[in-house]
Amino acid sequence: MTDPIMLLVFSIIIQGISILALTISWFHHHARYQGISHWIIGISLLSLGHLIMIGSGYFDSRFFVFLADMLIVIGALIAYVGMTRFFGRETINRATLLVVAGFVLLFTLFTFVVPDIMTRAILFTMFAAFLLGILMVFLNHAIKPVYQKITLFIKVTASLFVVINLARLVIRVAVAGDNGFESPAYLDALYHHVFNAMIVLLTISFINLVTRRLEIEVVSEENKFVTSFYAAPYAILLTRSTDGLIADVNDAFVKTFGYDKHESIGRHIRDLGIWMDASERQRVIQTIQETAHIQGHETVFRHKDGHPVTVLLSSNEVMIEGESYLLSSVNDITLMSEAKKELEFLANHDVLTELPNRRYLRQYFDQVVKQAVEQNRSLTMALIDMDRFKAVNDQYGHDIGDQTLFILAARLLDMTGHHGLVGRLGGDEFVVIMPDMTDARQVEKLLEDMVKACEETIEINGRNIMVSAAYGYTVVKGGDAVFDQMIRQCDKGLYNQKKRKLNKNTQ
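Counting in the working numbering, the sequence shown tops out at residue 509, every number present.
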């Protein structure tokens, strides 16, 4: 095919397909990899320069020859920049730019000032060799070794481009005759066909780089996932979102929940019954569907032997072969949870009696006051004090005294029941908060029963121990309730009751 028009049309089709193929690759991978857009621009400029080169015979203009050469030079340089950006390295250094600028000046000189076709051809071949050299240095020394294995195709293609230009130069010198350095039409046509082939090879090389790098990174990510999945110190399982089919579990799952892999994989999560509350799984799935993940959700799973396992659950939705799966990590925090509960209990309860302490009483008081204000009602607080308790400590020792106090606390707790909350204020004083009992007769009846229960004989190690008790209480509207003020009011009532008892005993 030596007809210039047919050659031009053929080149447009071939090079257009190449640019389209690169554009499709860019569309799929530009968010992941840089440099592909530079390849598109570079190939486009190379193609445009080549097309102008084919058509320059019709114009017989040095300007179009120069323009074609410059487009090819700039296109090749931009393609090289795309290569450096694709592998995440410095785009181009100053020395390279200076060399390129020197070539451009020489091209200009031997095109317009001292026109010389042979010198331009030599310069063009030298520039191609220079670009090949810096490309080889970059690919062999500036990128990661794992990526060097995938650059063989582009190295061969770039080398062929230089060899072809060198061969063209040699052939033009060899066949040059009376026409000077002009080559026969059939050789020019052959060169243009080879150039088209080089454009196709470059395009294939670039797409091959993207594909091979993607394969390497996919394998690397798979290896990371497999290592993380199976070597993780906490349980991980992969389940199908729609029905809970277990696709895989790791060794930590086996250790945490007691199910071997063959007992788990291929079964549905409901068949294992590891969810204490099956409905909670649906709530978790709904949350994931709405937010695509759930993080640090504390829940309780069931071990194979039936005992509860407190866990922190984190799940993310992942798509595998078009299906939605849940990748869940399950961190066993049973010991941590128990320790946390123990610490919370110690922070809010009296160590000796295990009743709520002053801190917890205040928290509870604030809650019931808020409810009383909202409902426009009153609440009751009572103070119960044990008499002659010091004598128990003095006579029997503190160990017996502590046991006595524990038994008294248990009796008060039993008597309070659902009426409210009883706690130890300190020493031998106890507080009872009754949010729903405000009738004076009911309150006094309950407190009298509590006092009677406390005054019943306590037997410890064969010793019969008796204490007496007294109480004081106050009923206050929710809006007027203040913890310390109500304690003082109860204390006054307690003092008055003790005084009445003392007077009664002395009469």
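A virtual CB, placed ideally from N, CA and C, is assigned to each residue, including glycine.
What do you reckon, are the CB atoms on Arg390 and Ser470 nearer than 7 Å?
Your numbering for residue 390 matches position 388 in the sequence shown. Your numbering for residue 470 matches position 468 in the sequence shown. Against a cut-off of 7 Å, the Cβ pair of Ser470 and Arg390 comes out as a contact.
Return the chain-ordered list of same chain residues with a C-beta closer than 7 Å to the C-beta of Val164, the five sequence neighbours on each side being excluded.
The residue labelled residue 164 in the question sits at position 162 within the sequence shown. Here the set comprises Ala130, Ala131, Leu134.
Sequence-distant residues of its chain with Cβ nearer than 8 Å to Leu415 (five each side left out)
As a working note, residue 415 is residue 413 in the sequence shown. So the list reads Leu357, Val424, once near-sequence residues are dropped.
Compare the beta carbon distance of Leu314 and Ile335 with 7 Å and say whether it is the shorter of the two.
Locating residue 314 in the sequence shown gives position 312, where the first residue counts as 1. Locating residue 335 in the sequence shown gives position 333, where the first residue counts as 1. Contact flag set, yes.
Quick one: what's Val434 bridged to in DSSP?
Position 432 of the sequence shown holds residue 434. Val434 pairs with Ala384, Val424.
Evaluate contact between the stretch 366 to 375 and the stretch 477 to 490, counting only Cβ atoms and requiring at least three cross-stretch pairs below 8 Å.
yes
Should Asn181 be labelled buried (16 or more other beta-carbon atoms within 10 Å of its own) or exposed?
Locating residue 181 in the sequence shown gives position 179, counting from the first residue. Its pLDDT being 47, under 50, Asn181 is placed unreliably in this model, and the coordinates cannot settle the point.
Could you spell out where the alpha helix (DSSP H) holding Asn395 opens and where it closes?
Position 393 of the sequence shown, counting from 1, holds the residue named residue 395. Unbroken alpha helix (DSSP H) run through Asn395: 391 to 398.
What is the residue span of the beta strand (DSSP E) that Ile92 lies within?
By one-based count along the sequence shown, residue 92 stands at place 90. The residue you asked about is not Ile; residue 92 is Glu in the sequence shown. Looking at the DSSP string, Glu92 is not in any beta strand (DSSP E), and its letter there is neither H nor E.
Along the alpha helix (DSSP H) that carries Leu337, what are the first and last residues, could you check?
By 1-based counting over the sequence shown, the position of residue 337 is 335. Here the alpha helix (DSSP H) through Leu337 covers 336 to 350.
Please report the distance separating the alpha-carbon of Phe227 from that of Ile209.
Position 225 of the sequence shown, counting from 1, holds the residue named residue 227. Position 207 of the sequence shown, counting from 1, holds the residue named residue 209. About 26 Å.
My assumption, with CB atoms under 8 Å, is that Ser331 sits in contact with Tyr232. Please give the rounded CB distance.
Start at 1 with the first residue of the sequence shown, and residue 331 comes out as number 329. Start at 1 with the first residue of the sequence shown, and residue 232 comes out as number 230. 13 Å between Cβ atoms; not a contact.
Quick check: the stretch 210 to 220 against the stretch 241 to 249, are at least 3 beta-carbon pairs closer than 8 Å?
no
Bridge-paired residues (DSSP) for Met321
Here the question's residue 321 lines up with position 319 in the sequence shown. DSSP lists Ser326 as partners of Met321.
Helix, strand or coil, according to DSSP, for Ala33 in the structure here?
Looking up residue 33 in the sequence shown gives position 31. Reduced to three states, the DSSP call for Ala33 is coil.
Delimiting residues of the alpha helix (DSSP H) encompassing Val453:
What you label residue 453 is simply residue 451 of the sequence shown in a count that begins at 1. Per DSSP, Val453 belongs to the alpha helix (DSSP H) from 442 to 457.
When burial is assigned at 16 or more other CB atoms within 10 Å of the CB, is Ala280 buried or exposed?
Walking along the sequence shown from the start, residue 280 turns up at place 278. Burial call: exposed.
In whole angstroms, what separates the C-alpha of Glu265 from that of Asn252?
Sequence index remark: in the sequence shown, residue 265 carries index 263 (1-based). Sequence index remark: in the sequence shown, residue 252 carries index 250 (1-based). For Glu265 and Asn252, the distance between alpha carbons rounds to 13 Å.
Going by the CB atoms, is the gap between Glu319 and Ile290 shorter than 7 Å?
The count along the sequence shown starts at 1 and reaches residue 290 at position 288. The count along the sequence shown starts at 1 and reaches residue 319 at position 317. Result yes, Cβ atoms of Ile290 and Glu319 sit closer than 7 Å.
Skipping 5 residues on each side, what residues in its chain have a beta carbon closer than 8 Å to that of Arg361?
Within the sequence shown, numbered from 1, the residue matching residue 361 stands at position 359. If we look at Arg361 and ignore the five residues flanking it on each side, its Cβ neighbours are Ala349, Asn350.
Give me the Cα-Cα distance between Asn333 and Glu92, rounded to the nearest whole angstrom.
Taking the first residue of the sequence shown as position 1, residue 333 is located at position 331. Taking the first residue of the sequence shown as position 1, residue 92 is located at position 90. One C-alpha to the other measures close to 43 Å.
Looking only at C-alpha atoms, which of Met383, Leu449, Met8, Asp404 sits nearest to His194?
One-based indexing of the sequence shown puts residue 194 at position 192. Comparing Cα positions, the closest option is Met8.
Using DSSP's beta-bridge definition, name the partner residues of Ala233.
Here the question's residue 233 lines up with position 231 in the sequence shown. DSSP, once it has assigned bridges, lists no residue as partnering Ala233.
For Leu53, which residues from the same chain have a beta carbon less than 7 Å from its beta carbon, with the 5 sequence-adjacent residues on both sides left out?
One-based indexing of the sequence shown puts residue 53 at position 51. Only Leu10, Ser13, Ile14 meet the Cβ criterion.
Quick check on this structure: which residue in Ile21, Gly298, Val172 has the alpha carbon closest to the alpha carbon of Ser1?
Residue 1 cannot be examined here, being either before or after the span of the chain that is shown, 3 to 509.
Using 8 Å as the threshold, is the stretch 142 to 157 in touch with the stretch 117 to 125, meaning 3 or more CB pairs across them?
no
With DSSP collapsed to three states, give me the class of Arg413.
Stepping through the sequence shown from its first residue, residue 413 is reached at position 411. Arg413 falls in the helix class under three-state DSSP.
Could you check what DSSP says for Tyr82 in three-state terms: helix, strand or coil?
As a position in the sequence shown, residue 82 is number 80, starting the count at 1. Residue state, collapsed to three classes: helix.
Which of helix, strand or coil DSSP assigns to Ala144
Counting from 1 along the sequence shown, the entry for residue 144 is found at position 142. Coil.
Hey, would you say Tyr35 sits closer than 7 Å to Phe109, going by beta carbons?
The residue labelled residue 35 in the question sits at position 33 within the sequence shown. The residue labelled residue 109 in the question sits at position 107 within the sequence shown. Result no, Cβ atoms of Tyr35 and Phe109 do not sit closer than 7 Å.
Beta-carbon gap between Arg272 and Gly246 smaller than 7 Å:
Taking the first residue of the sequence shown as 1, we reach residue 272 at position 270. Taking the first residue of the sequence shown as 1, we reach residue 246 at position 244. Yes, the pair counts as a contact, with Cβ atoms nearer than the cut-off.
Where DSSP assigns a beta bridge to Arg242, which residues make up the other side?
As a working mapping, residue 242 is identified with position 240 in the sequence shown. Tyr327, per the DSSP bridge assignment.
Inter-residue Cα distance where the pair is Val370 and Ile489
In the sequence shown, counting from the first residue as 1, residue 370 sits at position 368. In the sequence shown, counting from the first residue as 1, residue 489 sits at position 487. Their Cα atoms are separated by approximately 16 Å.
Look at the alpha carbon of Phe183 and the alpha carbon of Asn225, and state the distance between them as a whole number of angstroms.
Residue mapping note: residue 183 aligns to position 181 of the sequence shown, counting from 1. Residue mapping note: residue 225 aligns to position 223 of the sequence shown, counting from 1. Low confidence applies to Phe183: its pLDDT is 47, below 50, so where it sits in the model is not reliable enough to give any reading.
Boundaries of the alpha helix (DSSP H) in which Arg272 is found, first to last residue
On the sequence shown, position 270 is the one that residue 272 refers to. Run containing Arg272: 271 to 274, per the alpha helix (DSSP H) assignment.
How is the alpha helix (DSSP H) around Thr153 delimited, first residue to last?
Translated into positions along the sequence shown, residue 153 becomes position 151. Taken as a continuous stretch (DSSP letters only), Thr153 belongs to no alpha helix (DSSP H), as it is neither H nor E.
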